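Residue numbers (my numbering): 3 to 365.
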Ligand code: NAD
Ligand code: DAU
């Protein structure tokens with residue numbers, strides 16, 4: 003429901019130029035649910051084109067900066083007095099964390115620590131009513147729980163942490179810090195652990211957009227190992243709806259799993275993408291896109307299977323995903339087909355050059 007202009011709460015969203023963050027910001031502004039202060043470092047994964055439709059929106063304020071900059075975060079909190087902080091900002095790609103883990107520790111652990119410190123200070127400065135209302139929502143991942151065997155039940159919120167990649171370890175560390183700031187200092191925190199997101203605006207280093215764009219260009223579709231690794235797929239707008247519901251109804255100090263409920267092997271997922279493309283964009287001269295599938299060297303430490311038990315969020319908060327993997331995948335493929343200018347700017351690096359020119363080096 004659209005809030006009255008005078009009552010519109012302010013939320014500080016971090017990482018709101020990335021894939022999930024920008025989908026979240028766009029959804030909140032479309033619903034008129036909150037005034038958004040959007041703090042993003044604009045790494046390679048942050049893209050202002052994602053927020054182009056908000057260019058003239060007075061209730062969306064973009065701030066180029068780092069969650070690990072305490073003075074900047076303190077100033078934003080003081081000036082804008084947010085009722086909630088929603089932390090999406092992170093390095094998010096497992097393969098990059100294997101090649102270069104340092105930046106993952108810097109942003110996902112040290113950055114999250116600085117953000118928590120400043121939020122804690124701000125929260126303590128609030129009057130009792132505002133303190134009661136304030137929420138710090140931290141977006142995390144199912145990867146913190148490690149890998150499931152083929153017959154294991156999906157992870158519930160009480161599964162032990164067993165992160166296997168530098169990325170997952172850095173997210174686990176930030177989850178522990180968030181938990182500690184609640185337990186020790188009383189900061190009203192919420193943590194969500196979600197499964198693999200897909201949908202519009204995802205940077206094409208991740209499986210689904212990479213495969214769509216490679217297939218369209220007739221390039222090989224590189225599947226790691228035997229292609230039988232399993233992921234639980236969550237359409238991004240379903241995820242954003244769940245986050246809004248957790249923010250409004252979640253119990254302080256709690257953790258909620260958010261999963262799409264569709265476990266699929268990578269081979270099955272890529273075959274499904276190929277089938278959608280065969281239908282929507284039949285190649286000429288004809289061939290089936292699945293003929294481009296190529297098995298390549300496996301990712302080191304590659305987790306075999308993720309799956310999430312979402313009974314808690316369904317029971318306590320009433321959230322269930324709306325999209326099936328079929329409807330979500332078709333919508334996703336259509337979005338990439340319909341946005342060649344977005345794809346080109348991301349792929350050619352023209353967008354990155356523009357950022358350098360306009361903002362100078364980030365951080
Ligand atoms: P993304 O990589 O697309 O976007 C991350 C955003 O954070 C970018 O806009 C980037 O510029 C920004 N950022 C990076 N470092 C920053 C810093 N130091 N200060 C401020 N901004 C910074 O990531 P995503 O896929 O949108 O993921 C968002 C969050 O959700 C992450 O915390 C990620 O761990 C988590 N998550 C993602 C998925 C998924 O499938 N994509 C699944 C589970 C959890
Ligand atoms: O599970 C949630 C996580 O999902 C998030 O926390 C991460 O931020 C997000 O990047 C994602 O991690 P994954 O490693 O699962 O996503 P990715 O898209 O990189 O890979 C999905 C699966 O596909 C994984 O089993 C590896 C495989 N893969 C990936 C690529 C890029 C391939 O087989 N070939 C590829 O080229």
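Glycine residues also receive a C-beta, built at the ideal position from the N, C-alpha and C atoms. Keep in mind the model is a prediction, meaning the values are calculated, not measured.
- About 6 Å separates the CB atoms of residue 217 and residue 223; that is less than 8 Å, so the two are in contact.
- Residue 322 sits exposed, since fewer than 16 C-beta atoms from the chains shown fall within 10 Å of its C-beta.
- Going by C-alpha positions, residue 338 is about 20 Å away from residue 270.
- Using a cutoff of 6 Å, the CB of residue 241 does not count as near ligand 2, since none of the ligand's heavy atoms is closer than that.
- Under DSSP, the beta-bridge partners assigned to residue 198 are 235.
- For residue 110, the secondary structure class from DSSP, reduced to helix, strand or coil, is helix.
- Not one heavy atom of ligand 1 is found less than 6 Å from the C-beta of residue 29.
- For residue 298, the enclosing beta strand (DSSP E) has its first and last residue at 295-298.
- Secondary-structure assignment with DSSP links residue 267 through a beta bridge to 232.
- Straight-line measurement puts the Cα of residue 177 at about 18 Å from the Cα of residue 311.
- Residue range 209-218 is occupied by the alpha helix (DSSP H) that includes residue 216.
- Judged by their CB atoms, residue 305 and residue 290 are not nearer to each other than the 7 Å cut-off.
- Residue 56 is classed as buried because its beta carbon has at least 16 other beta carbons within 10 Å across all chains shown.
- Distances between the C-beta of residue 92 and the heavy atoms of ligand 1 include at least one below 6 Å.
- Relative to ligand 1, residue 268 has its C-beta separated by 6 Å or more from all heavy atoms.
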